[in-house]
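Here's the structure we're looking at; comments come further down.
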Amino acid sequence: MRALPAPTSTVVTELAELLSGPPEQVAPLLLGGLLSHGGVTVRLTEVEAYAGPADPGSHAYRGRTDRNAVMFGPAGHLYVYFTYGMHFCANVVCGPEGEPSGCLLRAGEVVAGIDLARERRPRSGDRDLARGPARLTRALDLTREHDGADLTRGPVRLELGEPVDRVSTGPRVGLRGAPERPWRFWVTDDPTVSVYRPAKALPSGRRAGP
DNA sequence: ATTGAGATTTACT
DNA sequence: GTAAATCTCAATG
Numbered sequence: 002m003r004a005l006p007a008p009t010s011t012v013v014t015e016l017a018e019l020l021s022g023p024p025e026q027v028a029p030l031l032l033g034g035l036l037s038h039g040g041v042t043v044r045l046t047e048v049e050a051y052a053g054p055a056d057p058g059s060h061a062y063r064g065r066t067d068r069n070a071v072m073f074g075p076a077g078h079l080y081v082y083f084t085y086g087m088h089f090c091a092n093v094v095c096g097p098e099g100e101p102s103g104c105l106l107r108a109g110e111v112v113a114g115i116d117l118a119r120e121r122r123p124r125s126g127d128r129d130l131a132r133g134p135a136r137l138t139r140a141l142d143l144t145r146e147h148d149g150a151d152l153t154r155g156p157v158r159l160e161l162g163e164p165v166d167r168v169s170t171g172p173r174v175g176l177r178g179a180p181e182r183p184w185r186f187w188v189t190d191d192p193t194v195s196v197y198r199p200a201k202a203l204p205s206g207r208r209a210g211p
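Numbering of the first sequence is given in the numbering used here, commencing with residue 2 and proceeding in unit increments.
Right, dumping it as structure tokens:
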């Protein structure tokens, strides 16, 4: 890959400024945005906000660790973590520096490099190539190597797009302990939005409640 | 369409 | 040890 020309300062300033707001305000701005890496570009269709040290659903809730250190840094960088023993998930760090917030990138539509994305995910139909947080990182070839990447300088690039027409919100996916906040945001009626089941009930014998 | 098991790191009780 | 910001495969309605 060739070196890209330095981004113009207006673009960089604008992006950093937009991302330094609270994550639940940044999240809808990310919808329709373009994320590029490894020859593939994805148009973001679904994100989730995780807010600062006060959010029990956030990886930053219990303080800084080796894994989540990037969330404590400046906005506009990528936080990539490894989970369930096999998957990577990516967040855009947002909020003011020192306040660990981020937006989990849950799904997108591949708009460039679709052949590469198909090679990385041979069993997926095109709609499913980046439909889900771990699928999205696989399609874009993002790993812990890219943890901390500056989104204004590549190799991982983010460009905000036109605001999308309709945005829907709902509870976040996969959390069990956290109070529900309607901090999942997606492009209304977009077919590439993930449709994952909610978090499983407790282990056999017990039930989560009525 | 929906269900359940399995894969196996990181962080915490 | 257990649960987690998950996904794939196989079996089933």
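A virtual CB, placed ideally from N, CA and C, is assigned to each residue, including glycine.
> Near Gly99, which residues of its chain fall below 7 Å by C-beta distance, leaving aside the five closest residues on each side in sequence?
Replying inline: Taking the first residue of the first sequence as 1, we reach residue 99 at position 98. Only Phe73 meet the Cβ criterion.
>> Tell me which residue opens and which closes the beta strand (DSSP E) that Leu79 is part of.
In response: The count along the first sequence starts at 1 and reaches residue 79 at position 78. Segment 79–84, the beta strand (DSSP E) holding Leu79.
>> Between the alpha carbons of Tyr82 and Pro101, how many angstroms are there, rounded?
In response: For the purposes of this step, residue 82 is taken as residue 81 along the first sequence, with counting starting at 1. For the purposes of this step, residue 101 is taken as residue 100 along the first sequence, with counting starting at 1. Distance between the alpha carbons of Tyr82 and Pro101: 15 Å.
> Are there three or more Cβ pairs, one per stretch, closer than 8 Å when the stretch 32–47 is compared with the stretch 153–162?
Replying inline: Judged by Cβ distances under 8 Å, the stretch 32–47 makes contact with the stretch 153–162, as three or more pairs qualify.
> Quick one, are the C-beta atoms of Val48 and Arg107 less than 7 Å apart?
Replying inline: Translated into the one-based positions of the first sequence, residue 48 becomes position 47. Translated into the one-based positions of the first sequence, residue 107 becomes position 106. Their beta carbons are under 7 Å apart, which means Val48 touches Arg107 by this criterion.
> What is the DSSP secondary structure of Val93, reduced to helix, strand or coil?
Replying inline: For the purposes of this step, residue 93 is identified with residue 92 of the first sequence, where counting begins at 1. It is a strand residue.
> Any idea what DSSP makes of Arg185, helix, strand or coil?
Replying inline: By 1-based counting over the first sequence, the position of residue 185 is 184. Strand.
> Can you tell me where the beta strand (DSSP E) with Leu36 in it begins and where it stops?
Replying inline: Translated into positions along the first sequence, residue 36 becomes position 35. 35–38 is the span of the beta strand (DSSP E), which, as asked, contains Leu36.
> In this structure, does DSSP put Arg107 in helix, strand or coil?
Replying inline: If you number the first sequence from 1, residue 107 lands on position 106. It is a strand residue.
> What are the boundary residues of the alpha helix (DSSP H) that includes Val174?
Replying inline: Taking the first residue of the first sequence as 1, we reach residue 174 at position 173. Careful: Val174 lies outside any alpha helix (DSSP H) and carries neither H nor E.
> Per DSSP, what kind of secondary structure is Thr46 in: helix, strand or coil?
Replying inline: Mapped onto the first sequence, residue 46 falls at position 45. Thr46: strand per DSSP, three-state reduction.
> Nearest to Thr189 by CA position, among Pro97, Gly171, Leu143, is which residue?
Replying inline: Walking along the first sequence from the start, residue 189 turns up at place 188. Of the listed residues, the one whose Cα sits closest to Thr189 is Gly171.
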